[in-house]
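In the working numbering, the protein residues as written are 106 to 263.
Glycine is no exception: its CB is placed at the ideal position from the N, C-alpha and C atoms.
And the structure:
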C-alpha cells in the first residue's frame, strides 16, 4: 500500500507551490535593481520561474482532483473547482510561453515545430513547450484515466 495522498503527498505539493510562488514574488521585487541591459535576461528567468510556479499549481490541482473521487468530504463542486484551477494555471502559463516565443532569437518554427532534423525526434526541442504537451496530457490523464491509454497524448513521443 502506497503513501496517503492527503496526509503525505498533498502537504508536500502545497508547500512546493507556496515556496515557489514566494521565490517568484521575491525575484520580481528585485526588478528595479536590474541593470537595463540585463533586463531581457532577467525577464526570461522570471518568466521561466512563473511557468514553473504555474506548473506546480496545475499538478497539485490535478492530483487533488484525481485523489478526491474516493474522498467523501470532497464535493463535486470542490472537484470541479480544482479542475478549473488546473486549467487556469495551464492557460496562464500558455500566455507566458506565447509571449516568450515572440522573443526567441531564432524563428519559433525552427525550435518549436515538427521537421526533419539530425536528432532521433521529429520535432524541435521546444515543441513540447509550444504545444503544452505535458500540461494537456496530465489534464487528460486526470479527467479520463481509463480507456484512452492508446491516445497519442498518453504515450511517449517518439
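In whole angstroms, give me the CA-to-CA distance for residue i and residue j.
i	j	result
residue 156	residue 217	17 Å
residue 152	residue 205	8 Å
residue 135	residue 177	45 Å
residue 236	residue 244	14 Å
residue 199	residue 182	25 Å
residue 263	residue 140	The predicted model places residue 263 with a pLDDT of 49, which falls under 50 and marks its position as unreliable, so this point remains unresolved.
residue 249	residue 203	27 Å
residue 220	residue 107	42 Å
residue 150	residue 128	12 Å
residue 142	residue 208	15 Å
residue 146	residue 115	34 Å
residue 170	residue 144	38 Å
What did DSSP end up calling residue i once you bin it into helix, strand or coil?
i	result
residue 118	helix
residue 110	helix
residue 220	coil
residue 238	helix
residue 263	Any reading at residue 263 needs caution, since the residue's pLDDT is 49, under 50, leaving its predicted position unreliable; the model's value is listed next. Three-state DSSP puts residue 263 in coil, outside helix and strand.
residue 209	coil
residue 136	helix
residue 180	coil
residue 204	helix
residue 246	helix
Only counting the same chain, and skipping five residues up and downstream in sequence, which positions put a Cβ closer than 6 Å to that of residue i?
i	result
residue 195	163, 240
Which same chain residues end up closer than 8 Å to residue i when comparing Cβ atoms and leaving out the 5 residues on each side of it in sequence?
i	result
residue 125	154, 157, 158, 161
Going along the chain, which residues of its own chain have a beta-carbon closer than 7 Å to the beta-carbon of residue i, five neighbours each way excluded?
i	result
residue 112	none
In the DSSP output, which residue or residues are listed as bridge partners for residue i?
i	result
residue 228	219
Please confirm whether residue i has its beta-carbon closer than 7 Å to some beta-carbon of chain C.
i	result
residue 183	The chain labelled as chain C is not found in the depicted structure, where only one protein chain is given.
Segment contact flag, the stretch 107-121 with the stretch 163-177, C-beta cutoff 8 Å, min 3 pairs: yes
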